[in-house]
Amino acid sequence: PIEIALQPVQTNAGLKIFSSIFDLTDVLRRERKLRHLTDILNRTNKIAKIGGWELDLETLEVIWSEQTFALYDMPFSDKPISFDESIRCYDEQSKELLAEHIQKATEEKQGWNLELLMHTSKGNTRWVNTIGTVELKDEKPIKLIGTIQDITERKQVMEELERSNKDLDSFAYIASHDLKSPLRGVQQLTNWIEEDLIAVQDSEINQHLSLLRSRVNRMERLLDDLLTYSRVG
Numbered sequence: 031p032i033e034i035a036l037q038p039v040q041t042n043a044g045l046k047i048f049s050s051i052f053d054l055t056d057v058l059r060r061e062r063k064l065r066h067l068t069d070i071l072n073r074t075n076k077i078a079k080i081g082g083w084e085l086d087l088e089t090l091e092v093i094w095s096e097q098t099f100a101l102y103d104m105p106f107s108d109k110p111i112s113f114d115e116s117i118r119c120y121d122e123q124s125k126e127l128l129a130e131h132i133q134k135a136t137e138e139k140q141g142w143n144l145e146l147l148m149h150t151s152k153g154n155t156r157w158v159n160t161i162g163t164v165e166l167k168d169e170k171p172i173k174l175i176g177t178i179q180d181i182t183e184r185k186q187v188m189e190e191l192e193r194s195n196k197d198l199d200s201f202a203y204i205a206s207h208d209l210k211s212p213l214r215g216v217q218q219l220t221n222w223i224e225e226d227l228i229a230v231q232d233s234e235i236n237q238h239l240s241l242l243r244s245r246v247n248r249m250e251r252l253l254d255d256l257l258t259y260s261r262v263g
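Spelled out as structure tokens, the structure:
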């Protein structure tokens with residue numbers, strides 16, 4: 031592959047054409063490699079549901095990657111959008127949290143890692159994880175750059191796990207309490223039997239009653255340990 035540039039020039043001898051010929055082999059090879067790497071990056075971002083974004087702090091214009099548009103359920107465009115439009119989909123609490131961290135980023139040059147709730151243009155509710163960092167020029171913030179990832183499924187799994195843990199804690203407490211009640215009844219029965227047999231001097235009976243009480247106490251300790259273990263985490 032070559033590139034040919036032609037330039038007409040008027041001379042005393044008449045019209046002349048200057049020609050330059052460039053070998054594009056290396057250039058095109060690098061371009062193909064770059065396109066291939068870009069394609070791999072786009073495909074992996076799509077699989078991981080990760081998009082990229084860039085906010086110009088001077089113009090307040092935002093550039094989104096193709097996957098970011100997909101997360102917002104918006105058609106892809108290579109034109110920048112306004113900052114207000116970029117955060118319009120978030121609920122009020124998420125907007126306040128994001129605005130607070132953007133202010134910290136510009137004033138204190140700190141990045142962030144946030145989980146935010148959004149409602150897309152198609153009405154879908156999504157949890158996203160957004161990570162932002164500051165780009166400086168002469169120690170002055172000029173851009174915010176970061177990623178955004180759909181974590182809806184992970185969030186749902188965590189919420190379900192939290193509910194299951196609460197149910198397990200409740201079950202362990204109720205089971206421990208309800209099982210202790212008949213054990214106390216058995217303990218009381220052993221006391222009554224011992225009182226009824228107070229006149230009977232039978233070492234074997236006394237030994238059996240003592241063994242029964244020790245088994246009841248052991249079961250109570252096991253229930254207490256089970257309840258403690260369930261609350262460890």
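By our numbering, the letter at position 156 of the sequence shown is numbered 186, and the numbering carries on one by one without gaps.
Beta carbons are placed, not taken as given, at the ideal position from N, Cα and C, and that holds for glycine.
Residue i to residue j span [Cα, whole Å]
i: residue 139; j: residue 197; result: 43 Å
i: residue 49; j: residue 157; result: 59 Å
i: residue 163; j: residue 86; result: 12 Å
i: residue 207; j: residue 227; result: 31 Å
i: residue 93; j: residue 112; result: 9 Å
i: residue 245; j: residue 219; result: 14 Å
i: residue 54; j: residue 64; result: 15 Å
i: residue 170; j: residue 89; result: 15 Å
i: residue 31; j: residue 58; result: 8 Å
i: residue 118; j: residue 258; result: 47 Å
i: residue 236; j: residue 184; result: 60 Å
i: residue 186; j: residue 167; result: 40 Å
i: residue 41; j: residue 52; result: 25 Å
i: residue 131; j: residue 203; result: 41 Å
i: residue 178; j: residue 74; result: 14 Å
i: residue 222; j: residue 254; result: 25 Å
i: residue 134; j: residue 120; result: 19 Å
i: residue 224; j: residue 205; result: 29 Å
i: residue 44; j: residue 36; result: 16 Å
i: residue 161; j: residue 80; result: 11 Å
Minimum C-alpha distance to residue i - residue among the options
i: residue 261; options: 216, 223, 201 and 234; result: 201
i: residue 152; options: 102, 223 and 256; result: 102
i: residue 82; options: 71, 89 and 88; result: 71
i: residue 251; options: 239, 209, 177 and 128; result: 209
i: residue 106; options: 259, 96 and 167; result: 96
i: residue 110; options: 119, 121 and 98; result: 98
i: residue 91; options: 116, 57 and 69; result: 116
i: residue 241; options: 78, 230, 222 and 217; result: 217
i: residue 175; options: 84, 68 and 79; result: 84
i: residue 180; options: 100, 44 and 38; result: 100
i: residue 125; options: 136, 108 and 145; result: 145
Backbone secondary structure at residue i - three-state DSSP
i: residue 154; result: coil
i: residue 111; result: strand
i: residue 212; result: helix
i: residue 186; result: helix
i: residue 123; result: helix
i: residue 165; result: strand
i: residue 32; result: strand
i: residue 134; result: helix
i: residue 118; result: coil
Opposing strand residues paired with residue i [DSSP bridges]
i: residue 159; result: 145 and 179
i: residue 198; result: In DSSP, residue 198 forms no bridge with anything.
i: residue 174; result: 85 and 164
Scan the region 214-260 and note each continuous alpha helix (DSSP H) run of 4 residues or more that stays entirely inside, going in chain order.
-> Counting only runs that start and end inside the region 214-260, the alpha helix (DSSP H) elements of at least 4 residues fall at 233-260.
Return the chain-ordered ranges of every alpha helix (DSSP H) run that is complete within the region 34-106 and spans a minimum of 4 residues.
-> 55-78 and 96-101
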